[in-house]
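Asks: Questions regarding the structure given below will be posed in turn.
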Amino acid sequence: MTHPYLIEIQPNEFGFVGEHPSIKHLCKIIEHLASSDASVNIQGESGTGKEFTARALHDYSFRKENLFIASNCGVFTESLLEAELFGAEKGRATGVDAYPGLLEQAHNGTLFLDEITEMPPRVQVALLRALQERKIVRIGGVASKPRDTNFRLVTASSRKLEGLLREDFYYRIVQVPIQVPSLRDRGSDIELLSKYFCGKESEKSGKEFYLYGDAINTLSNYHWPGNIRQLENSIIRACALYGVDEEDKDNILYTRHFEFLNEENFNADNSLNGRSDLEKGLIIENLKIFSGNISETAKTLGLPRSVLHYKLKKYKIDINDYRPNSD
37 MTHPYLIEIQ PNEFGFVGEH PSIKHLCKII EHLASSDASV NIQGESGTGK
87 EFTARALHDY SFRKENLFIA SNCGVFTESL LEAELFGAEK GRATGVDAYP
137 GLLEQAHNGT LFLDEITEMP PRVQVALLRA LQERKIVRIG GVASKPRDTN
187 FRLVTASSRK LEGLLREDFY YRIVQVPIQV PSLRDRGSDI ELLSKYFCGK
237 ESEKSGKEFY LYGDAINTLS NYHWPGNIRQ LENSIIRACA LYGVDEEDKD
287 NILYTRHFEF LNEENFNADN SLNGRSDLEK GLIIENLKIF SGNISETAKT
337 LGLPRSVLHY KLKKYKIDIN DYRPNSD
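If you want the working numbering, it's the position in the sequence shown, counting the first as 1, plus 36.
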């Protein structure tokens, strides 16, 4: 049986939940761009739903029958990002098999690149050429035999792009800018979203959870630095831990089930320094734990060794500072 919250609250035709004017305006833009093939840049804080917006753009466009391919520029080194985008031919020396890059995979579809400001200048030049010529050459391929590619590019960033990208590349990828509102700026939607996520989690768990009035007030008055992602994860957490307290009964969520929100130390600063300091701190913390061991640090952080080496260089972290007897 469908949860009453999910009967009461349903996503609109674009998949968004909410009635705030900013969301209605965003949906109008998506609808207006249905017949356009212009490159779109989506701006918004972390957790606001930039990739979700990109998918809505794709699903409402004439390319919807083809693939939507997504990637994050911030998790690759320069060489790995280039290979990810352009693919490679079979390497005789390395024995690596040929594989298509994302530009080929997204042919006739949509390519979504998140954190576009992390793309190195050399890769920007290569991607700009591909956008202009609609042809690409795989790494190790023959320049005289390019491959056709035709895709719509949608990019996103949680930072302002000005000054962080090559000027020619900037103007090519920001033909249409879109701003996704923060959850703070659409506070009237928090109750709807909270109930919707509660209903979805109820269906997943097989338990029918409900939000009591005081819990709804608590959620509505919280500042949500992590935006919709943080709200959804908070509902999931409260439902998952329900029953640990002996007072829990009837699957009703109260304010006390969300007390962890006051304990979490979210960094509301979504600027370059805010995010970079957090990432740098995590790397240093793990280097200390593992005495400068690259393999263990990379494994714990969920990063390839090559990406960790790139970030060490980016943040000017000397691993010898964390290794024993390095004086």
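All C-beta atoms in this analysis are idealised placements derived from N, C-alpha and C, irrespective of residue type, glycine included.
(1) Taking 8 Å as the cut-off, decide whether the C-beta atoms of residue 233 and residue 203 are in contact.
(2) Taking contact to mean 3 or more Cβ pairs, one atom from each stretch, closer than 8 Å, check whether the stretch 92-100 and the stretch 266-280 are in contact.
(3) Who does residue 192 pair with in a DSSP beta bridge?
(4) Which of helix, strand or coil does DSSP assign to residue 171?
(5) Helix or strand or just coil, what does DSSP make of residue 305?
(6) Can you find the residues in the same chain that come closer than 6 Å, C-beta to C-beta, to residue 89, ignoring five residues on each side of it along the sequence?
(7) For residue 155, count the other beta carbons within 10 Å of its own beta carbon; 16 or more makes it buried, fewer makes it exposed. Which is it?
(8) By DSSP, does residue 215 sit in helix, in strand, or in coil?
(9) Taking only three categories from DSSP, how would you classify residue 186?
(10) Count the CB pairs spanning the stretch 221-235 and the stretch 194-202 that are closer than 8 Å, and state whether there are at least three.
(11) Only counting the same chain, and skipping five residues up and downstream in sequence, which positions put a Cβ closer than 6 Å to that of residue 219?
(12) Where residue 167 and residue 147 are concerned, what is the direct C-alpha to C-alpha distance, given to the nearest angstrom?
(13) Can you grab the Cα-Cα spacing for the pair residue 323 / residue 112, in whole Å?
(14) With distances taken from CA atoms, which of 163, 87, 178 is nearest residue 124?
(15) Looking only at its chain, what residues have a beta carbon closer than 7 Å to the beta carbon of residue 272, apart from the 5 residues adjacent to it on each side?
(16) With a CB to CB cut of under 8 Å and the five nearest residues on each side skipped, what residues in its chain are close to residue 151?
(17) Can you pull the DSSP bridge partners for residue 149?
(18) Does DSSP put residue 69 in a helix, in a strand, or in coil?
(19) Taking the C-alpha atoms as reference points, what is the distance between residue 282 and residue 274?
(20) Grab the span of the alpha helix (DSSP H) containing residue 235 for me, first residue to last.
(21) Mind checking whether residue 291 and residue 333 have CB atoms under 8 Å apart?
(22) Which residue wins for smallest C-alpha separation from residue 42, given the options 120, 228, 117, 119?
(23) With a threshold of 16 other CB atoms inside 10 Å of the CB of residue 38, please say whether the residue is buried or exposed.
(24) Within this structure, are the beta carbons of residue 50 and residue 66 separated by less than 8 Å?
(25) Could you check if residue 225 is buried or exposed, using at least 16 other CB atoms within 10 Å of its CB as the buried criterion?
(26) With DSSP run on the structure shown, which of helix, strand or coil describes residue 135?
(27) Using a Cβ-Cβ cutoff of less than 6 Å, which residues in the same chain neighbour residue 68 once the five nearest sequence positions on both sides are dropped?
(28) Quick check on residue 305: buried or exposed, where buried means 16 or more other Cβ atoms within 10 Å of its Cβ?
(29) Taking DSSP as the reference, what is the three-state secondary structure of residue 142?
Replies: The structure says:
(1) For residue 233 and residue 203, no; Cβs fall outside 8 Å.
(2) Touching, no.
(3) DSSP output for residue 192 lists 78 as bridge partner(s).
(4) Strand.
(5) At residue 305, the pLDDT of 41 sits below 50, so the modelled position is not reliable; the number obtained from the coordinates is stated separately. Three-state result, residue 305: coil.
(6) Once the five neighbours on either side are set aside, the close Cβ partners of residue 89 are 78, 216.
(7) Its Cβ being crowded by 16 or more others within 10 Å, residue 155 is buried.
(8) DSSP places residue 215 in strand when its eight states are reduced to three.
(9) DSSP places residue 186 in coil when its eight states are reduced to three.
(10) At 8 Å Cβ cutoff, the stretches do not touch.
(11) Same-chain partners within the cutoff: 260, 263, 264.
(12) If you take the alpha carbons of residue 167 and residue 147, they lie about 11 Å apart.
(13) Rounded to whole angstroms, residue 323 to residue 112 spans 20 Å at the Cα level.
(14) Nearest of 163, 87, 178 to residue 124, Cα basis: 178.
(15) Correct list, in chain order: 237.
(16) Once the five neighbours on either side are set aside, the close Cβ partners of residue 151 are 108, 109, 110, 192, 193, 194.
(17) For residue 149, DSSP records a beta bridge to 107, 191.
(18) Of the three classes helix, strand and coil, the one that applies to residue 69 here is coil, per DSSP.
(19) If you take the alpha carbons of residue 282 and residue 274, they lie about 15 Å apart.
(20) That run of the alpha helix (DSSP H) goes 226-241.
(21) No, they are not a contact pair.
(22) If we check each option's Cα against that of residue 42, 228 comes out closest.
(23) Under the 10 Å beta carbon count, residue 38 is surrounded by fewer than 16 other beta carbons and is classified as exposed.
(24) Yes; because the gap between Cβ atoms is below 8 Å, this pair is in contact.
(25) Burial call: buried.
(26) Three-state DSSP puts residue 135 in a strand.
(27) So the list is empty, once near-sequence residues are dropped.
(28) Bear in mind that a pLDDT of 41 at residue 305, under 50, signals an unreliable position, so the number given afterwards is only what the model happens to contain. Under the 10 Å beta carbon count, residue 305 is surrounded by fewer than 16 other beta carbons and is classified as exposed.
(29) In the displayed model, residue 142 falls within coil according to three-state DSSP, outside both helix and strand.
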